[in-house]
């Protein structure tokens, strides 16, 4: 079919290819609904644009995909070291690094095409994220196609695309439907108006209707496919059914073997256009047709074809993911139990945990047929994959089951291991009491055991329990360190060093040099979990201790490491601490945006609480009406977590909110209880709460280990505290201290700071204080210069949102483009409508276009 109304998009691809050839790599996201012509566009461009190499891979939609399917397909085409890195024995990290090295070493331009990313496994999405961050200096054009009308329950694809869209090398092309004029050019012998109305201008639908033998417009693509299948001989129909059931491009011999008819019948299927050749493989021209044909295969025949496919592929030692698909479809329980665990473990090894969970669940549906050790291993495997995805609530039931099974088996080492993992999950679910009970049992099991890695881990866990006295914690961690050295396990040595660096935190001391040595050791020993943990704690602790610049580089460095090594939980922890840093630096709006964007992901309750504290604090400073609600949500999680460190921070947010809103009820008994507990906690965290309660007129007892600026504040030297805050680079806190000096000039300075950082509630409180002192102020300042410069008074962000609305994007698509939460975009759109004095998006967009002069 003629490629119509795609010239601008072909030209754009040409421009991006030229950019890539000059060394500025480009990742082009080609999106649109099913049948819109994404593949046709890419094929037309590839045939018309000359590059040294084209590498092509596709994601399978016929069954739960094998991990890294399109990446391994491309590695096979590339050959050499990249093919070697893609072998079963090679690690995922080696494959990713090898891919970038292979691209960097090539002369001339290289094109990489990945189709149907909406069916990608989790590991393939990780690969694309890895590649996109390194693409800007490579002479490479990467084109990715995916449907943007697909439902994604866990929103993984949307989340990944949102991150990738922010990279400087990324470009986006969204293909529209054909216009009525375009359909008219194709509709020879048909009613063009009816054809356009029936198909909506979808090119694939138009093509299928025109190919329909009936000559009439059917009600669905299934009707079209059914009519076209009926035009084939019985053998041809059997061959098409087999191709639909196999679900992927396949060689002629496999299709013929499964169908049970001569391979020559494929000529008939190709002549009709139902099957198309892709090298030595044959497949349907579009997945929609395959699905329609498959759905029309009678149940008994479908089961028969799946059973034959299973036998044929099993003899060829096919991928386990494909085998288990056919086993489930034909009801072969024995084959399902044989292949599903293998497929699950392969997916987990590649960090495709979403796919691993699917496979493990398939096996566990028949748990009654498993031995106790087999079931225990599967329950532990699925619990680990769910935990890796930060889906701790779903993992909880499986950890409970595996703990019970390990008890039954009587293996103390395995039971201790599972209890510690279960303890971690309970902590992330903010169930600290149960978490400590599980951790204590794990410790008791290994307390008197011979030296063993699990004994070291048990001592490590108990040594991090804040309920244990400091001297006992130090003794436990020293023993962990001794065992680790005796076993010559350097990753465990690093773990012990990391914990020892924190053991004196109750007195305000954290040994940062020791943490940095532990980080180096963890990286040298490829302990990704520990490395991510230390990155997070290095960065978070420096922010808590007001050393904003000391470990600032650890954020980007640590976040990149977490994303490259599938440490999603810690990538969220890092962003929670980043929100805290943004607050300290006075960038409250950025703090809100980052917190809300991160909370759209699948995250554990403890991470949600962490983000919620910063979100509520920033919202109070900005005067957002949701602030109190966000704080209450975080309080609920904090009370379940029941750790002083977090409760003190929640109380601080509440006290600060009370001053900014004038709502004294925010300082309730929870705040005072947290303050009392905090007397023996980290003084850097407790000091801020003490200062806020003192400002609000409450009598406070302070932690004796407090440091400036808190000691100055509590001693009444607010000007001295303000000077320290200024040196530390914390404008909001500086302005707060200046406010409490009582000096008019100092308060004018505070007012300037609050207005500069956009804290209207704080500025309002200072204005009230100055007015009470009889200080005359000029009229309230207008909007910042960038806002005032806009003809409609829009902020820079609001103007950006309006421009995207003019492109026809929905609020959700705007959120994805700008990497904001849907709630934040909704807020911006409402503000735009209000400022423009209009009632709809269409009217707002119309306001962008100046009237034509008469």
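Numbering (the numbering used here), first residue to last: 6 to 859.
Cβ atoms here follow ideal geometry from the backbone N, Cα and C, with glycine treated the same way.
Runs of alpha helix (DSSP H) with 4 or more residues, each lying fully within the region 64-145, are found at 74-83, 85-90, 97-110 and 127-137, listed in chain order. Bridge partners of residue 59 according to DSSP: 116. A straight line joining the alpha-carbon of residue 168 with that of residue 751 spans about 43 Å. Residue environment: residue 389 is assigned as buried (16 or more neighbouring CB atoms within 10 Å of its CB, all protein chains considered). A Cβ-Cβ separation of about 7 Å places residue 121 in contact with residue 150 under the 8 Å criterion. In the DSSP annotation of this structure, residue 362 is not part of any beta strand (DSSP E); the continuous alpha helix (DSSP H) holding it starts and ends at 358-369. By the Cβ neighbour-count rule, residue 668 is exposed, with fewer than 16 other Cβ atoms within 10 Å of its own. Residue 298 and residue 249 do touch by the CB rule: their CB atoms are close to 4 Å apart, below 8 Å. Annotation for residue 210: 40, 204 and 226 place their beta carbon closer than 7 Å to its own, counting only its chain and skipping 5 residues before and after.
As a beta-bridge residue in DSSP terms, residue 147 pairs with 32 and 117. Taking a C-beta distance under 7 Å as the contact criterion, residue 353 and residue 361 qualify as a contact pair.
Sixteen is the threshold: since fewer than 16 other Cβ atoms of the shown chains lie within 10 Å of the Cβ of residue 812, the residue is exposed.
According to DSSP, residue pairing for residue 178 in a beta bridge involves 35.
Between residue 676 and residue 707, the C-beta spacing is not below 7 Å. Here residue 646 is buried, its C-beta having at least 16 other C-beta atoms within 10 Å.
The three-state secondary structure of residue 152, taken from DSSP, is strand. Taking 7 Å as the cut-off, the beta carbon of residue 371 is found closer than this to the beta carbon of residue 342. Nearest to residue 665 by C-alpha distance, out of 607, 582, 769 and 756, is 769. Between residue 284 and residue 67, the gap from beta carbon to beta carbon reaches 7 Å or more. The beta carbons of residue 830 and residue 849 sit about 13 Å from each other, so the pair does not count as a contact at 8 Å. Taken through DSSP and simplified to helix, strand or coil, residue 289 comes out as strand.
The beta-bridge partner set that DSSP reports for residue 256 consists of 286. DSSP places residue 736 in the uninterrupted alpha helix (DSSP H) bounded by 736-744.
Ranking 698, 313, 480 and 461 by CA distance to the CA of residue 489 puts 461 first. Annotation: the continuous alpha helix (DSSP H) that includes residue 723 extends over 723-733. Within the same chain, Cβ atoms closer than 7 Å to the Cβ of residue 745 are found at 700 and 723, the five residues on either side in sequence being excluded. Going by C-alpha positions, residue 493 is about 32 Å away from residue 347. Inclusion of residue 314 and residue 234 in the CB contact set at 7 Å is not warranted, their separation being larger than that value. Spatial neighbours of residue 717 in its own chain (CB-CB distance under 8 Å, excluding positions within 5 residues in sequence) are listed in chain order as 723, 725, 726 and 729. Between residue 16 and residue 116, the alpha-carbon positions lie close to 16 Å from each other. Excluding the 5 residues flanking it on each side, residue 419 has same chain C-beta neighbours closer than 7 Å at 411, in chain order.
Residue 174 is positioned such that its CB atom lies closer than 7 Å to that of residue 32. Of the other Cβ atoms in all chains shown, 16 or more fall within 10 Å of the Cβ of residue 344; this residue is therefore buried. Under DSSP, the beta-bridge partners assigned to residue 280 are 289. In the three-state DSSP reduction, residue 538 falls in the helix class (H, G or I). Contact annotation: the region 550-557 does not touch the region 571-585, with fewer than three C-beta pairs closer than 8 Å.
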